[in-house]
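Chemist: Read in numbering that gives the first Met the number 0, the sequence shown has 44 at position 45, and its numbers run on one by one without any break.
We put the beta carbon where it would ideally sit given N, CA and C, even for glycine.
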Amino acid sequence: MSISNTEKCVKNIRRKTRRKFSSEEKIGIVLDGLRGEHSIAELCRKERINNNLYYCWGKDFLETGKKRLAGDTVREASTDEVVDLKKKNTDLKKAVTKPATSRLDWGNNEQKSAS
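(1) If you draw a straight line from the C-alpha of T96 to the C-alpha of E23, how long is it?
(2) Helix, strand or coil for T16, going by three-state DSSP, please let me know.
(3) If you draw a straight line from the alpha carbon of T63 to that of K85, how long is it in whole angstroms?
(4) Compute the Euclidean distance between the alpha carbons of S38 and N51, then round it to the nearest angstrom.
(5) According to DSSP, simplified to helix, strand and coil, what is R34?
(6) Measure the alpha-carbon distance for T16 versus K10 and round it to whole angstroms.
(7) Using the Cα positions of K87 and A94, report the straight-line distance between them to the nearest angstrom.
(8) Buried or exposed: where does C8 fall if 16 or more other Cβ atoms within 10 Å of its Cβ makes it buried?
(9) Rounded to whole angstroms, how far is the Cβ of G32 from the Cβ of G57, which I believe are closer than 8 Å?
(10) Under three-state DSSP, which class holds K26?
So, in structure tokens, the structure goes:
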């Protein structure tokens, strides 16, 4: 089954003319749907988007807010986990630099006593 040149051309045009929505537009559409003034199907027809796209935006918005709809990546750690990891990172940095600075001090003492 090969695709005819016409079908390839139409597919290419659709790809190039695909609409891109800003995060504000996505949020507005999702909030319109959440208000419930119109059915989701009606809203999607009015906005000329697929129902599945609306539900993806809604899920992303409810899970992560505006940042995800703007295209940022999803965080894999909660805020508490990030705070805990930052504290552990600081503690590890202190643990690593402490022996290194004590070795430097030891070396400086030798040099001072030799002078």
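Modeler: Taking the definition as stated:
(1) Position 97 of the sequence shown holds residue 96. Position 24 of the sequence shown holds residue 23. Roughly 46 Å between the two C-alpha positions.
(2) For the purposes of this step, residue 16 is identified with residue 17 of the sequence shown, where counting begins at 1. In this structure, T16 counts as coil in the three-state DSSP scheme.
(3) Working through the sequence shown from its first residue, we reach residue 63 at position 64. Working through the sequence shown from its first residue, we reach residue 85 at position 86. Whole-angstrom Cα-Cα distance: 21 Å.
(4) Indexing the sequence shown from 1 puts residue 38 at position 39. Indexing the sequence shown from 1 puts residue 51 at position 52. Each residue's alpha carbon lies about 14 Å from the other.
(5) Against the sequence shown, residue 34 aligns to sequence position 35. In the structure shown, R34 sits in a helix (DSSP, three-state: H, G or I).
(6) In the sequence shown, residue 16 corresponds to position 17, counting from 1. In the sequence shown, residue 10 corresponds to position 11, counting from 1. Distance between the alpha carbons of T16 and K10 is about 10 Å.
(7) For this step, residue 87 is matched to residue 88 along the sequence shown. For this step, residue 94 is matched to residue 95 along the sequence shown. Whole-angstrom Cα-Cα distance: 10 Å.
(8) Counting from one through the sequence shown, the residue named residue 8 turns up at place 9. Classification for C8: exposed.
(9) By one-based count along the sequence shown, residue 32 stands at place 33. By one-based count along the sequence shown, residue 57 stands at place 58. Sure, about 6 Å apart at Cβ, within 8 Å.
(10) Here residue 26 refers to the residue found at position 27 of the sequence shown. The displayed chain sequence assigns Ile, not Lys, to residue 26. DSSP places I26 within a helical segment (H, G or I) once states are collapsed to three.
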